[in-house]
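Residue numbers for the sequence shown follow the numbering used here, beginning at 35 and rising by one.
Each remark here refers to the structure printed beneath this line.
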Amino acid sequence: MPLLVMKFGGTSVADLDRIRNAAAKVQREVERGYDVIVIVSAMSGKTNELVGWVEKTSPLFDAREYDAVVSSGENVTAGLMALTLQEMGVPARSWQGWQVPINTTAAHSAARFVEIPRANLDQKFGEGFKVAVVAGFQGIGPDGRITTLGRGGSDTTAVAFAAAFDAERCDIYTDVDGIYTTDPRITSKARKLGKIAFEEMLELASLGAKVLQTRSVELAMRYKVRLRVLSSFDETDESSGTLVCDEDEIMESKVVNGVAYSREEAKITLVTVEDRPGISASIFEPLADAGVNVDMIVQNISEKNFEDHQGSVTDMTFSVPINQVERAKRAMEDARAAGRIDYDELIVDTEVAKVSVVGIGMRSHAGVAARMFKALADENINIKVISTSEIKISVLIDRKYMELAVQALHDAFGLEAA
Ligand code: ASP
Ligand code: MG
């Protein structure tokens with residue numbers, strides 16, 4: 035039997051009506067001849083509520099009990115979905131993580147998959163069950179206790195099952211009808227993409243497009259799982275949504291396929307640090323030890339500084355998530371107090387945003403950066419920090435110009451027209 039994985043996010047199973055609506059989509063695929071593994075999230079808002087209860091009960095909670103509580107939302111939806119399908123005459127059975135079993139690492143609240151043995155589900159399919167409804171976001175650790183995968187983890191559960199069961203495709207049903215060239219709330223010119231390459235989706239996912247959990251895209255890319263993102267609220271067919279797939283499957287591609295943004299950025303500059311071997315390590319090691327996620331980094335020797343100082347000095351600028359600024363500051367101050375680094379001043383700018391253009395076509399096209407910078411210059415937007423990768427260029431700018439920048443870049447790269 036060909037097999038499909040269908041994942042329904044929180045808004046798609048928010049109440050009994052919506053569960054029925056989702057179940058009807060599952061029934062249709064069963065009628066087309068598929069065995070289906072359905073992965074469900076908790077009803078929307080449920081996980082937040084459970085997390086809130088845990089934090090209220092025990093601010094420094096035991097992560098094992100956090101997982102015990104927070105995983106329960108998915109159990110409810112899995113059972114309800116199986117019941118709904120049975121009422122429709124579709125033979126279905128629900129599965130919690132430990133029953134499959136979904137074996138994970140011991141890292142409670144941030145567990146990773148180790149193995150998903152097929153035997154139990156295969157046996158049930160062999161007995162004539164057409165649908166296995168699996169609770170997303172959870173597994174079982176080596177200690178025999180329930181684990182969870184980190185927020186948004188049901189996407190990753192879905193991809194892991196698609197890989198383990200050689201699914202023809204992994205359909206992610208959500209509240210948007212696909213992946214867009216940029217956020218349609220920022221420009222009405224945003225266009226839905228028919229296909230997008232894994233690498234591009236990975237960049238867009240980690241750059242703040244919140245449709246898919248980043249890890250799910252990593253996993254899909256590694257195991258070449260074709261992922262489809264589509265709306266559970268629309269009538270859908272074979273061609274609905276956006277297919278996230280290998281770049282070989284994409285015939286026509288633009289140089290840039292998406293513009294992403296992130297508001298939650300801050301820029302930190304250490305003014306006049308020594309310019310000597312080892313200085314970067316002695317700045318970024320304490321940041322890493324403090325759990326700060328440094329993103330962009332700029333170091334450049336100013337000739338002026340060079341003349342003013344005895345030795346050689348430099349400024350070091352880096353960006354961090356805005357909610358990690360205090361932690362980063364503390365790490366730097368402690369490193370200075372301990373004599374590991376020295377600097378004249380630490381400047382924090384929390385009024386910045388990151389805007390990025392993404393496209394696999396950049397690998398073979400020159401001049402993309404120039405075009406991007408020209409478009410920003412035409413809008414009088416000053417660039418504070420630049421970073422690039424093979425298929426992405428990101429700039430840090432004043433947050434107040436973020437939307438303008440996204441619109442200007444969307445226009446400059448001709449993303450509106452198919
Ligand atoms: N319910 C979990 C969350 O809200 C997992 C998921 O839905 O992906 O994070
Ligand atoms: Mg989600």
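The beta-carbon is built from N, C-alpha and C at its ideal position, and this holds for glycine as well.
Checklist entry - When we look at the beta-carbon of E234 and count the other beta-carbons within 10 Å, is it buried (16 or more) or exposed? => result By 1-based counting over the sequence shown, the position of residue 234 is 200. Result: buried.
Checklist entry - With burial defined as no fewer than 16 other Cβ atoms inside 10 Å of the residue's Cβ, what is the status of P320: buried or exposed? => result On the sequence shown, residue 320 is found 286 positions in, with the first residue counted as 1. Buried is the call here.
Item to check | Helix, strand or coil at I71 [DSSP, three-state] | outcome: Working through the sequence shown from its first residue, we reach residue 71 at position 37. Three-state result, I71: strand.
Checklist entry - In terms of alpha-carbon separation, which member of A197, I230, Y214 and T118 lies closest to A224? => result Position 190 of the sequence shown, counting from 1, holds the residue named residue 224. Checking every option, the nearest Cα to that of A224 belongs to Y214.
Next on the checklist: I want to know whether the region 389-398 touches the region 355-363 - three or more CB-CB distances under 8 Å.
Outcome noted: no
Next on the checklist: Does K426 pass the burial test, meaning 16 or more other C-beta atoms within 10 Å, or should it be called exposed?
Outcome noted: Residue numbering aside, residue 426 sits at position 392 when the sequence shown is read from its first letter. The residue in question, K426, is buried, as its Cβ has 16 or more Cβ neighbours within 10 Å.
Item to check | Option nearest L264 by Cα separation, candidates Q247, A243, E299 and G228 | outcome: Locating residue 264 in the sequence shown gives position 230, where the first residue counts as 1. Residue G228 is the option with its Cα nearest to L264.
Next on the checklist: Excluding the 5 residues flanking I230 on each side, which residues of the same chain have their C-beta closer than 7 Å to its C-beta?
Outcome noted: As a working note, residue 230 is residue 196 in the sequence shown. Cβ within range, chain order: I213, T276, V278 and N291.
Item to check | Beta carbon nearer than 5 Å to a non-hydrogen atom of the ligand MG | outcome: G43 and G186
Checklist entry - With DSSP run on the structure shown, which of helix, strand or coil describes S316? => result Your numbering for residue 316 matches position 282 in the sequence shown. In this structure, S316 counts as helix in the three-state DSSP scheme.
Checklist entry - By Cβ distance, which residues of its chain are closer than 6 Å to R98, with the 5 residues on each side in sequence left out? => result The residue labelled residue 98 in the question sits at position 64 within the sequence shown. Result list for R98: H142 and R179, in chain order.
Item to check | Beta-carbon gap between V293 and L183 smaller than 8 Å | outcome: For this step, residue 293 is matched to residue 259 along the sequence shown. For this step, residue 183 is matched to residue 149 along the sequence shown. Taking 8 Å as the Cβ cut-off, V293 and L183 do not qualify as a contacting pair.
Next on the checklist: Considering only DSSP beta bridges, list what D323 is partnered with.
Outcome noted: The sequence position of residue 323 within the sequence shown is 289, counting from 1. For D323, which the question treats as bridged, DSSP gives no partner whatsoever.
Item to check | Where G173 sits in the DSSP three-state scheme | outcome: Translated into the one-based positions of the sequence shown, residue 173 becomes position 139. Strand, per DSSP.
Checklist entry - Which whole-angstrom value is the C-beta distance of I73 and V134, which I expect to be below 8 Å? => result Your numbering for residue 73 matches position 39 in the sequence shown. Your numbering for residue 134 matches position 100 in the sequence shown. So it is not a contact: roughly 11 Å between Cβ atoms.
Next on the checklist: Do V245 and T191 have their beta-carbon atoms positioned less than 8 Å apart in this structure?
Outcome noted: Within the sequence shown, numbered from 1, the residue matching residue 191 stands at position 157. Within the sequence shown, numbered from 1, the residue matching residue 245 stands at position 211. Result no, Cβ atoms of T191 and V245 do not sit closer than 8 Å.
Next on the checklist: Quick check on this structure: which residue in E367, P36, T306 and R433 has the alpha carbon closest to the alpha carbon of V165?
Outcome noted: Residue 165 sits at position 131 when you count from the first residue of the sequence shown. It is P36 whose Cα lies nearest to the Cα of V165.
Next on the checklist: Please identify the residue among T91, M396 and S222 whose C-alpha is closest to the C-alpha of E437.
Outcome noted: By one-based count along the sequence shown, residue 437 stands at place 403. For E437, the nearest C-alpha among the options comes from S222.
Checklist entry - Along the chain, which unbroken stretches of the beta strand (DSSP E) at least 3 residues long are found entirely within the region 133-182? => result 147-149, 165-169, 172-174 and 180-182
Item to check | Secondary structure of F447, DSSP reduced to three states | outcome: Numbered from 1 along the sequence shown, position 413 holds the residue referred to as residue 447. Note: F447 maps to coil in three-state DSSP.
Item to check | Collapsed DSSP secondary structure at Y377 in the structure displayed | outcome: For the purposes of this step, residue 377 is taken as residue 343 along the sequence shown, with counting starting at 1. Coil at Y377, not helix or strand.
Checklist entry - Alpha carbon to alpha carbon, how far is F318 from A372? => result By 1-based counting over the sequence shown, the position of residue 318 is 284. By 1-based counting over the sequence shown, the position of residue 372 is 338. Each residue's Cα considered, the two are about 15 Å apart.
Checklist entry - Relative to the ligand ASP, is the shortest distance from any of its heavy atoms to the C-beta of D49 smaller than 7 Å? => result Here residue 49 refers to the residue found at position 15 when the sequence shown is read from its first residue. Because no heavy atom of the ligand ASP lies under 7 Å away, the Cβ of D49 does not count as near it: no.
Next on the checklist: Given this structure, state the Cα-to-Cα distance separating V210 from Q61, to the nearest angstrom.
Outcome noted: As a working mapping, residue 210 is identified with position 176 in the sequence shown. As a working mapping, residue 61 is identified with position 27 in the sequence shown. For V210 and Q61, the distance between alpha carbons rounds to 21 Å.
Next on the checklist: Quick check: what's the CA-CA separation for R54 versus L238?
Outcome noted: Stepping through the sequence shown from its first residue, residue 54 is reached at position 20. Stepping through the sequence shown from its first residue, residue 238 is reached at position 204. The straight-line gap from Cα to Cα measures roughly 32 Å.
Checklist entry - In whole angstroms, what separates the C-alpha of V193 from that of Q247? => result The residue labelled residue 193 in the question sits at position 159 within the sequence shown. The residue labelled residue 247 in the question sits at position 213 within the sequence shown. In a straight line, the C-alpha of V193 is about 11 Å away from that of Q247.
Checklist entry - When you compare each of R52, K41 and K226 to A452 by their alpha carbons, which one comes out closest? => result Position 418 of the sequence shown, counted from the start, is the residue given in the question as residue 452. The shortest Cα separation from A452 among R52, K41 and K226 belongs to K226.
Next on the checklist: Out of A254, G175, E299 and S316, which one is the CA nearest neighbour of S428?
Outcome noted: Counting from one through the sequence shown, the residue named residue 428 turns up at place 394. Minimum Cα distance to S428 is reached at E299.
Checklist entry - Can R433 and V386 be called in contact, C-beta distance under 8 Å? => result Here residue 433 refers to the residue found at position 399 when the sequence shown is read from its first residue. Here residue 386 refers to the residue found at position 352 when the sequence shown is read from its first residue. Yes, these two residues count as a Cβ contact at 8 Å.
Item to check | When V347, V332, G401 and E308 are compared against R374, the one with the closest alpha-carbon | outcome: On the sequence shown, position 340 is the one that residue 374 refers to. Nearest C-alpha to R374: E308.
Checklist entry - So what does DSSP say about S78, is it helix, strand or coil? => result Numbered from its first residue, the sequence shown carries residue 78 at position 44. S78: coil per DSSP, three-state reduction.
Item to check | Residue from A197, D69 and D177 whose Cα sits closest to the Cα of A145 | outcome: In the sequence shown, residue 145 corresponds to position 111, counting from 1. Taking only the C-alpha atoms, the option nearest A145 is D177.
Next on the checklist: Rounded to the nearest angstrom, what separates A411 and Q441 at their Cα positions?
Outcome noted: Residue 411 sits at position 377 when you count from the first residue of the sequence shown. Residue 441 sits at position 407 when you count from the first residue of the sequence shown. Taking the straight line from one Cα to the other gives about 13 Å.
Next on the checklist: Just list the residues that DSSP pairs I431 with in beta bridges.
Outcome noted: Counted from its first residue, the sequence shown places residue 431 at position 397. Answer is A387, bridged to I431.
Checklist entry - Mind checking whether the beta-carbon of A76 lies closer than 7 Å to any heavy atom of the ligand GDP? => result Annotation note on the ligand GDP: not contained in the displayed structure, which lists the ligand ASP and the ligand MG as its ligands.
Next on the checklist: Using only CA atoms, which one of K59, V104 and I136 lies nearest to M122?
Outcome noted: Position 88 of the sequence shown, counted from the start, is the residue given in the question as residue 122. Minimum Cα distance to M122 is reached at K59.
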